[in-house]
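One structure below.
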Amino acid sequence: MSEDAKALSMIRQIVRIAREEDEMEAKLIAEEEERERQRKLLKLRHLCLRYQMVTKEEDCLPPATKPSRCYFPSSTTPLAEVETIQSLEIVEPSFLSPAWSMEYSKLKARVDLLERNQRHYVGKDLESIAQGNSRL
1 MSEDAKALSM
11 IRQIVRIARE
21 EDEMEAKLIA
31 EEEERERQRK
41 LLKLRHLCLR
51 YQMVTKEEDC
61 LPPATKPSRC
71 YFPSSTTPLA
81 EVETIQSLEI
91 VEPSFLSPAW
101 SMEYSKLKAR
111 VDLLERNQRH
121 YVGKDLESIA
131 QGNSRL
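Sequential numbering from 1 applies to the sequence shown in full-length UniProt numbering.
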């Protein structure tokens, strides 16, 4: 075999190896993207279980009446699940509303005042009780 033929054979082998490495790298990247997509789907499913979901057109019916509103059957494709989830909106629980926060603040202040009064009557607190009564 001549030197040129050996060199050409080595170049072809190097090109083949480089192509295989590129294919393996592309496959690894695709697998990583698929794992990331599956992780996001799992997170969305968790959110569906955690929050009550309703459509923009109608309220969510109880699970016994219309279970398709509250879970996604495994027969649907992941893409269909993502589209379904994106068409839904999350209804926040009432305790996350600003009105609840204000109510909580008022109740917390009342509890603090009652605890301060209790400490005063037991003799553990020497602060003036008149200051605390002005908040009632």
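Beta carbons: idealized from backbone N, C-alpha and C, even for Gly. Predicted, not measured: the structure shown is a model, and the values here were computed from it.
- Within the same chain, Cβ atoms closer than 6 Å to the Cβ of Ile85 are found at Leu44, the five residues on either side in sequence being excluded.
- In the displayed model, Ser2 falls within coil according to three-state DSSP, outside both helix and strand.
- If you draw a straight line from the Cα of Leu41 to the Cα of Ile14, it comes to about 41 Å.
- In the three-state scheme derived from DSSP, where H, G and I count as helix and E and B as strand, Lys124 is classed as coil.
- The alpha-carbon separation between Tyr104 and Ile29 amounts to approximately 49 Å.
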